[in-house]
Structures are given as C-alpha cells and as structure tokens.
Amino acid sequence: MPLSAPVISCVQKLVLYETRARYFLVGSNHAQTKHRVLKIDRTEPKDLVIIDDKHVYSQQEVRELLGRLDLGNRTKIGQKGSSGLSKAVSAYGIVGFVRFLEGYYIILITKRRKMADIGGHSIYKIEDTNMIYIPNDSVRIAHPDEARYVRIFQNVDLSSNFYFSYSYDLSHSLQYNLTLLKTTCDLVKTEEVFTHNRQDSFDIFEDEGLPTQVVYGIKNEPYAKYVWNVKLLEKIKETVHPDWLMYIIHGFCGQSKLLIYGRPVYVTLIARRSSKFAGTRFLKRGANCEGDVANEVETEQIIHDASVMSFTAGSYSSYVQVRGSVPLYWSQDISTMMPKPPIRLDQADPYAHVAALHFDQMLQRFGSPIIILNLVKKREKRKHEKILSEELYPAILNLNQFLPPEHCIDYIAWDMARYTKSKLCNVLDRLSLIAENVVKRTGFFVNRPDFYCHTLRPDERWGDLGGYVTASGCMQTGVLRTNCVDCLDRTNTAQFMVGKCALAYQLYALGMIDKPKLQFDTDCVRLFEELYEDHGDTLSLQYGGSQLVHRVKTYRKIAPWTQHSKDIMQTLSRYYSNAFSDADRQDAINLFLQVFQPSELKPHLWELPTDFYLHQKNTMMLPQERRSYTFWWTEGILSYLPLPYDEVPCDENREKVMVKRLNRYDESIDTYTEFFKPYELSCFDDTFCLAMTNSAREFMPKTVGIDPSPFTVRKPEETGKSVLGNKSSKEEAVLQRKTAASAPPPPSEEAISSSSEDDSGTDKEEEGAVSQRSTPVKFADSGDSTRGQEDFLQHPMKETYGLNLCDFPEEKDMLIYHRFVHLGQNQHKVERSRPMTDSRQSENFINLIGLL
Numbered sequence: 001m002p003l004s005a006p007v008i009s010c011v012q013k014l015v016l017y018e019t020r021a022r023y024f025l026v027g028s029n030h031a032q033t034k035h036r037v038l039k040i041d042r043t044e045p046k047d048l049v050i051i052d053d054k055h056v057y058s059q060q061e062v063r064e065l066l067g068r069l070d071l072g073n074r075t076k077i078g079q080k081g082s083s084g085l086s087k088a089v090s091a092y093g094i095v096g097f098v099r100f101l102e103g104y105y106i107i108l109i110t111k112r113r114k115m116a117d118i119g120g121h122s123i124y125k126i127e128d129t130n131m132i133y134i135p136n137d138s139v140r141i142a143h144p145d146e147a148r149y150v151r152i153f154q155n156v157d158l159s160s161n162f163y164f165s166y167s168y169d170l171s172h173s174l175q176y177n178l179t180l181l182k183t184t185c186d187l188v189k190t191e192e193v194f195t196h197n198r199q200d201s202f203d204i205f206e207d208e209g210l211p212t213q214v215v216y217g218i219k220n221e222p223y224a225k226y227v228w229n230v231k232l233l234e235k236i237k238e239t240v241h242p243d244w245l246m247y248i249i250h251g252f253c254g255q256s257k258l259l260i261y262g263r264p265v266y267v268t269l270i271a272r273r274s275s276k277f278a279g280t281r282f283l284k285r286g287a288n289c290e291g292d293v294a295n296e297v298e299t300e301q302i303i304h305d306a307s308v309m310s311f312t313a314g315s316y317s318s319y320v321q322v323r324g325s326v327p328l329y330w331s332q333d334i335s336t337m338m339p340k341p342p343i344r345l346d347q348a349d350p351y352a353h354v355a356a357l358h359f360d361q362m363l364q365r366f367g368s369p370i371i372i373l374n375l376v377k378k379r380e381k382r383k384h385e386k387i388l389s390e391e392l393y394p395a396i397l398n399l400n401q402f403l404p405p406e407h408c409i410d411y412i413a414w415d416m417a418r419y420t421k422s423k424l425c426n427v428l429d430r431l432s433l434i435a436e437n438v439v440k441r442t443g444f445f446v447n448r449p450d451f452y453c454h455t456l457r458p459d460e461r462w463g464d465l466g467g468y469v470t471a472s473g474c475m476q477t478g479v480l481r482t483n484c485v486d487c488l489d490r491t492n493t494a495q496f497m498v499g500k501c502a503l504a505y506q507l508y509a510l511g512m513i514d515k516p517k518l519q520f521d522t523d524c525v526r527l528f529e530e531l532y533e534d535h536g537d538t539l540s541l542q543y544g545g546s547q548l549v550h551r552v553k554t555y556r557k558i559a560p561w562t563q564h565s566k567d568i569m570q571t572l573s574r575y576y577s578n579a580f581s582d583a584d585r586q587d588a589i590n591l592f593l594q595v596f597q598p599s600e601l602k603p604h605l606w607e608l609p610t611d612f613y614l615h616q617k618n619t620m621m622l623p624q625e626r627r628s629y630t631f632w633w634t635e636g637i638l639s640y641l642p643l644p645y646d647e648v649p650c651d652e653n654r655e656k657v658m659v660k661r662l663n664r665y666d667e668s669i670d671t672y673t674e675f676f677k678p679y680e681l682s683c684f685d686d687t688f689c690l691a692m693t694n695s696a697r698e699f700m701p702k703t704v705g706i707d708p709s710p711f712t713v714r715k716p717e718e719t720g721k722s723v724l725g726n727k728s729s730k731e732e733a734v735l736q737r738k739t740a741a742s743a744p745p746p747p748s749e750e751a752i753s754s755s756s757e758d759d760s761g762t763d764k765e766e767e768g769a770v771s772q773r774s775t776p777v778k779f780a781d782s783g784d785s786t787r788g789q790e791d792f793l794q795h796p797m798k799e800t801y802g803l804n805l806c807d808f809p810e811e812k813d814m815l816i817y818h819r820f821v822h823l824g825q826n827q828h829k830v831e832r833s834r835p836m837t838d839s840r841q842s843e844n845f846i847n848l849i850g851l852l
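When we follow full-length UniProt numbering, the leftmost residue of the sequence shown carries the number 1, and every step to the right adds one.
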C-alpha cells in the first residue's frame, strides 16, 4: 500500500555569489547532492528581475557553472581579482524581498537554532538575518528617506521568536497535517488529486519499481493568516520553484522531554500569532472590518512518543486553543496616558457583523462547538471592562438564533479577578471544572485507536469524550476561545489549566497513565507549567511590552514574597513600553507586514495621524455584495460540521495540495537522513536532543529511594527545582556545575544574552540547543549540595544495588584498569602531525591482549 509523507525542501543551505551585474543564489539540500540556482539582476534600479530555470544541478554541474561565471566576469581572461565572481554571504533560507523608495532588498537567514523536533521534522528559530541591497551602486537612485524606512523595517527583530521548518507546516495544526497525509493517500488511489495538481511547479513522475516502494510526497499551501512573510514572498511566488519559498511564523516554540520510566515523551508547545490586525497593546484592540482580532494567538500542545520517529508508525496527540481580543469595534483612548485608559465602542454594530465574520473564520478552521470563555470583570464601581461583556453577549445571542442548536456558539462568562480576591474560593479549582467540561466537548486529536489498556483500566470520563471518532483515532472538533481585556495574564492561566486537563487525556490516550488526571506538584505538571509560563512571557512581551504580571503560582497563592516586587516592576515596564515605544513598534510591524507600502505619491508612514485606514481597508469602499445578516457563515460550512471545513476532502482544499510520486528512499522524503545526517559529522547532543528540559534531570529529586514516576506528587523540599521557572544567573550556573552529580545542559538563551563578553565562544550556529530553557542540575536539599551527597552515600550498597563492594579489587582487574588509563593518556600524548620513528612507535605502543 503506498504511503504519503511531507516533502522536505531541497533548498536548505544557500550561498549568494555576486558580480557587478548579477547576484547568483545557489541553494542545496543538506547532503549537497541537489542544487538550484536563482539569477537576480542588479542593473534594474527599482524592478525585481529574477530568473529560475527550475533545473536540479548536481554538485559537479554547479562547480562548472560557477567556474564559467567567474571566468566570464573577469576584466581580462586569466586575471584574478575582485572583478570576477565573489562569495557574498552564506544563508539558510530567504525571508523575502522588500522595496521602499529605491530598489529591492533581499533578507536572508544567516543563523538558526534548532528548537524542536516533531517526528524527525526539525523546527528552527531564526537567530540572525542579513538585509542586502540588490541594485548595483552605479544604477542606484538615492532617496533621502530611504535610510529611515530601513531603520523602521529593522525594528522588527527577526531574531526574536520567528520560526520555520523545511518540511513541517507550522502554519497548520498537527491534526491538519496528519489528516492531509491520510486523505491525500486515499485520494491518490483513485488518481483524483492529480487533476488538481499544478504540474508545472511540482513534477510528477512514474516509479517503475514495486508498488510498495512508492511514496507520495505532499506539499500544501500554508495558512496565510499565521505566516508573517507572505507579502515579502508575493513578488517571486509565481516565478520560482516552491522549494525556494520558506514561510515563517511568529510566536513561541518550546519543547521538553517527559521521561516515563526511561520512555521519552516530547511535550511541544507552539504558539502562532496572527499577522492580520497585528500590533501592540492599546494601539490594536478589538477587531477590524474583516473579522480579524488583535492579539489573536493559536496555541497547540503536541505530545508524542519520541521512541518512534515516524508520522505513520508513531503515536501523536495534539490539542489547540485560541486567545484573542473581544471581536467588537472598540478601542482605548491613549491621548492622556494612564494605567487604565477608558474603553470606548467606536461603531454601532446592531447585527453583529464583525463578530459574524470572526466566528465564520473559526467555524471554517476549527469546526464546532466554538466555546467562548470571557474572563472580563462583571462588577465594577466605574464601568470599564463590563462595557465589552454587555456588547459581546447580545452579539452571540443574535448569531446563535440562525445556527442549528447543536452547532451554537457556547458562551461562558466568569469574573476571574473578583473570584481571585475571595479568600474562600479557589480559582484553579473552578478553572479545572471549566477545563474538564471544555475538553470533553471538543475532544482532542490522537492518531491511534484505543489501546487495550483502556479496556483493562477503564475510566468513566473516557466514555463521554467528545470529538470525532475515526477508525484510526480521534479528531478535535471545535475550539476554546479565551479572552480577558488584554489576553495576557488571566488568559494564560486559564489556558494553562485547560492545557493541563487536555494533557492528562492525551497521556491516557497514548497509554502513558492509568487515568486521565494529573495532580499539581508532580514532575510532569511542573515541566508543563514552566513551558506554559515561558510561552506566556514571550507572548506578553510581544504584545504588552513586559513579562506576565500574574502567574499560575499567584493564583495558587504560593508565590514567594519576592514575587510582589517583581510584579510591580513588570507593571512599570509594561506602562513604559506602552507610553514610549509602542508607536515605533507599530510602525515597524505595519511596514514589515506590508500593510503600509511606501510611495512617493502618498504621505510617509511617520506623517500619518493614524493607521486606522491601513487596517480597515473595507471602510474606504462601498461593498459590492453585502453579506447576509442571517446566513452569516461561508457557504458549505454547515454541511460538514462538526468537522472543520478546511480539513474535509473537497475540491477547494484539493487545489491547495501538490503531490509528487517518489521512491520511498528518496532524500526529499527520508526523515531519517534529514534528522540523523549520516553523511556528515553531527554533535551527539544535537542529534539526540539532550539539551532540552528533562523531567528526570531538572525536576525529579536526586536522592535514592524516590519514586521515579513523573506523576508522583512531591513536597516542595523534595523537588529538584525549588522555584519553578526561576532562571539561574551565569555565576550560579558555574557554581552549580562544580557541585552537580551529572553534567548540566548548555546555558540558557537568557544567560547567553545577558553576558555576551563571557560567552564569546558560545556556539549558536545552525544546530544549536533544542530548547531555550536549560537549568543546571540541583540536589534534592535546597541550597545544601554537600548534605545531598552525604544522604546519597549513607544508603547501604546492598540495599541500593543488590551487592557490596569488596575492600580492594583483584590484581588482574587492577592491571586491566591501569592499562586502560595508560591508553587514554597516550591518546593525547602522541603528536599525529609528525611522522613517528620506530623507537617512538615502540615507546607508545600498548599491548591490548590482556584486555581481551
């Protein structure tokens, strides 16, 4: 039976060569067996002229081509110098092409770091980029405002939380990607998909081997809403081969290893920020006229058994939830800056037109039910947040009256802030009840049917779980949409509790635990909490300008007293960012996303009094066809509910898929060659992902006699990490390395950036650390490492290992040991660069017969 697999892009390593008249961009795969060449004209002052012959070159053919180009571009034949072909820069991908008032620039990724691995498909974080001006100086037409636009554009820091992959589609969920592989494979049998394939860009060829040797390579269109360089690649999309197009997302990506009695389970968190109506706090609130809301983030948690590296044979599970601003026309007046500017409704929307557009998008992407968890305040002395609830609830009622009852939008309103102030109420207990109800209704994705262990250890909660059950597993239908006013602190805690509940069901579905329930103060939940707080801090910095103010520990009321001073500092940092730097950041985002495109015929970006009309383009024109107020959803969606319309095998979705028929051992689909790279030297730590946060290393106590299960509740003094999420400083890391029982992982990304003068030799190249969080190993006793060692040594050897050590080893064993030590010493003494004489060879020669 033929299989399907994601196609791995063959353009992963790039070298840019330049002559006076051309740029030649040579792209190759990891093994450097396949090459493609782009020719970029440098004689056009304002136009972008790119030629792609779409031919795949061998390594020898590329060398000959570059040699001919070098020879042909010299001033005189035989003369060597700068006038020929010269190497400009090495890179790992193209972010895109951009033009302001002069010619075009090309943005290349020059450094990357591996952050996660999903089934052998690597996810990278951009570490550094290079922006190169294309036209030659001889044809350049200078403009006085060009430099200012370049500075504004570069205010978007591409080295800050932008991610990409050569083979895995980050803009879609795991459920979409794996469902696409299965449905496409079924369609290929009937040859239906080939009629919808663009054969000019993705060649299809017949394989003469056995049918079992055939694999269908799949490559689909990304979801443009979560891609941040769509506009930057728009100019070349129809000109070049799809392998040149690499799409990046903005948000967060983190991965940790949960070790269950030696069985590695990867917990991955991916957050995708919407590129529609994107901006900073206070400057982007509510929704635009197309239904896109501010601060919309899709968060997906992926659990997979890392012992099997395959999408077809492995076990995978994912759960998706969404946060976003209240989908109404509203804003806050920041003319007089204050901590809480007044909320105002900008337009009357009696028929909930903008909310209808927003929930239409959600039904199309997630299916039903759509569950809204609204956490804004209900009771206030002066009406502030309550204004939004008073408008949102009638809008939901208006939309629901036209939907079938089984697919209506659910609305849950809960004043989380007021509940927190009560000494008798537990916020997280209430959130747990909400989370249980939500996960049961939406279900989650798992690509495996029920295990036999579910029959042996049945659980009453497992039977009434929602979702869409298939022969090969279960699919999530619908989604939870959480919001407060800012979608930062309260929202992150609520999403964590829902994620924790979903994590328990995911682990139970994969046969890892005997009941779908996880307790606080276990290694598993501590690991997940740290991952979620890193996720929340990152999103809060991107939108609000500071880290989270209120965390999970705050709502558990176990935060240390020092946390209050940190909260005050984060509040001040957020206020300072909103008052002084948000306007510049907003201009940079508008320019990067090409919401504003400079032109000499219109005002400059900094001259605009507001960017309202950039994000509300439909307000500038009369609609040709007004949407119905009653049938407010896209045609065809209801017939497929509760399944999401984007994932059903209809004609519209088939047109987005490109299929390539390959041999099963072809490099472009072989994840083994891609991950392990047997043709080159690889770092052991990078290959086996030892640098990521590990539950056994960072959280499990180091004393003997402790239950090694990551699902055992531990007291705070027993844990390997006394304060969750507390990043060690550089000095603490060095001190703990001297006393730790085992070697710690590499220093964290925060520590690297805070002390650049001490880390000049730190390797942050293409295959860097898999995770940006790495905490040195600590002993079980807080603060006293020597006492931890004494407790370890006091346990008798017979009790611990089942044997006692002899007073002294036997003589023959000591002789073998000495010879082994001598071998290690001589390995470093021999000078390999000089030829050894016979006497030196006999001197350093070691007889290993005794070791056999």
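Glycine is no exception: its CB is placed at the ideal position from the N, C-alpha and C atoms.
All values reported here derive from a predicted model rather than from experimental measurement.
Candidates the options: closest to residue i by CA position
i, options, result
"Ile409", "Lys54, Leu397 and Phe153", "Leu397"
"Ile107", "Phe592, Leu503, Asn618 and Val7", "Phe592"
"Arg20", "Met131, His30 and Pro135", "Pro135"
"Tyr124", "Met115, Asn130, Ile132 and Met131", "Met115"
"Ser122", "Ala91, Thr129, Arg151 and Tyr163", "Tyr163"
"His55", "Arg68, Asn73 and Lys34", "Lys34"
"Lys500", "Val552, Leu465 and Thr477", "Val552"
"Cys474", "Asp169, Leu510 and Tyr543", "Leu510"
"Glu652", "Ile260, Val354 and Gln364", "Gln364"
"Phe631", "Leu403, Cys453 and Arg441", "Leu403"
"Met416", "Asp450, Lys378, Ala435 and Phe451", "Lys378"
CA-to-CA distance, residue j to residue i, given in whole angstroms
i, j, result
"Leu431", "Leu503", "15 angstroms"
"Ile270", "His304", "14 angstroms"
"Ile50", "Gly636", "40 angstroms"
"Arg323", "Leu456", "38 angstroms"
"Lys46", "Leu548", "45 angstroms"
"Asn447", "Gln301", "15 angstroms"
"Ser540", "Asn492", "9 angstroms"
"Asn374", "Pro327", "12 angstroms"
"Ala588", "Gly536", "23 angstroms"
"Ala769", "Gly254", "Low local confidence applies: a pLDDT of 38 at Ala769 is under 50, so the model's placement there is unreliable, with the coordinate-based value given in what follows. The alpha-carbon atoms of Ala769 and Gly254 are separated by roughly 11 angstroms."
"Tyr640", "Val648", "8 angstroms"
"Ser422", "Trp633", "41 angstroms"
"Gly67", "Gln12", "22 angstroms"
CB of residue i within 8 angstroms of CB of residue j, strictly
i, j, result
"Thr184", "Val659", "yes"
"Lys515", "Asp459", "yes"
"Leu605", "Phe596", "yes"
"Asn229", "Val89", "no"
"Val297", "Gly367", "no"
"Tyr92", "Leu16", "no"
"Met246", "Gly119", "no"
"Arg481", "Ile412", "no"
"Tyr555", "Leu428", "yes"
"Ser695", "Leu433", "no"
"Thr693", "Asn161", "no"
"Ile8", "Ser668", "yes"
Exposed unless 16 or more other CB atoms sit within 10 angstroms - verdict on residue i
i, result
"Asn618", "exposed"
"Phe97", "buried"
"Glu338", "Reading off the sequence, residue 338 comes out as Met, not Glu. Per the 10 Å Cβ criterion, exposed."
"Ile141", "exposed"
"Glu607", "exposed"
"Cys484", "buried"
* **Length-filtered (4 minimum) alpha helix (DSSP H) runs lying within the region 372 to 427** => 386 to 400 and 416 to 421
* May I have a chain-ordered list of the alpha helix (DSSP H) segments no shorter than 4 residues that lie completely inside the region 24 to 66? => none
* Enumerated in chain order, which unbroken segments of the beta strand (DSSP E) with a length of 3 residues or greater are wholly contained in the region 610 to 689? -> 657 to 663
* Asked: Taking the runs of the alpha helix (DSSP H) that are 4 residues or longer, which of them lie wholly in the region 457 to 512?
  -> 460 to 463 and 489 to 509
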